[in-house]
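Visitor: Here it is, the structure, as structure tokens.
In this note's numbering, the protein residues as written are 1148 to 1264.
In structure tokens, the structure reads:
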């Protein structure tokens, strides 16, 4: 919702046409919850947010292999959505774009950022 806040390496990676972009349905689920709780400042409906934000991006459903991988993760972080995203990244061989300091200890591939904005 705020592209100017993206670290430059992430903006560059997203703009590269050869990079396939994927978002977990867990992220959309979390967005829905935050919107319902009033923790997301927007006047757009969830449907409109999804339509605007996911054009050209594959939505990755949560599958059984992801749940099994999640179960195998150490309890380094308590956020269930973040843990699912880590499990999916491992299962699918994906690289995360995140500045969340709680995720690198899992050893999941993360696109490095030297200067987060």
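Ideal Cβ placement from N, Cα and C applies to all residues, glycine included.
For residue 1245, count neighbouring Cβ atoms within 10 angstroms of its own Cβ and tell me buried if that reaches 16, exposed if not.
Guide: As a first step, residue 1245 must be located in the chain shown, where it is residue number 98. Buried, since its Cβ has 16 or more Cβ neighbours within 10 Å.
Visitor: Which runs of the beta strand (DSSP E) spanning at least 3 residues fall entirely within the region 1157-1194, listed in chain order?
Guide: 1169-1171
Visitor: DSSP state of residue 1149, grouped into three classes?
Guide: For the purposes of this step, residue 1149 is taken as residue 2 along the chain shown, with counting starting at 1. Coil at residue 1149, not helix or strand.
Visitor: Tell me the rounded alpha-carbon separation between residue 1195 and residue 1209.
Guide: For this step, residue 1195 is matched to residue 48 along the chain shown. For this step, residue 1209 is matched to residue 62 along the chain shown. Approximately 22 angstroms, taken between the alpha carbons.
Visitor: Return helix, strand or coil for residue 1217, following the three-state DSSP convention.
Guide: Position 70 of the chain shown holds residue 1217. It is helical.
Visitor: Is it right to say residue 1232 is buried, meaning 16 or more other beta carbons lie within 10 angstroms of its own, or is it exposed?
Guide: In the chain shown, counting from the first residue as 1, residue 1232 sits at position 85. Counting Cβ neighbours within 10 Å, residue 1232 comes out buried, since at least 16 surround it.
Visitor: Using the Cα positions of residue 1161 and residue 1227, report the straight-line distance between them to the nearest angstrom.
Guide: Looking up residue 1161 in the chain shown gives position 14. Looking up residue 1227 in the chain shown gives position 80. Near 25 angstroms, if we compare the C-alpha coordinates of residue 1227 and residue 1161.
Visitor: Do you know offhand how far residue 1253's Cα is from residue 1204's?
Guide: On the chain shown, residue 1253 is found 106 positions in, with the first residue counted as 1. On the chain shown, residue 1204 is found 57 positions in, with the first residue counted as 1. Approximately 25 angstroms, taken between the alpha carbons.
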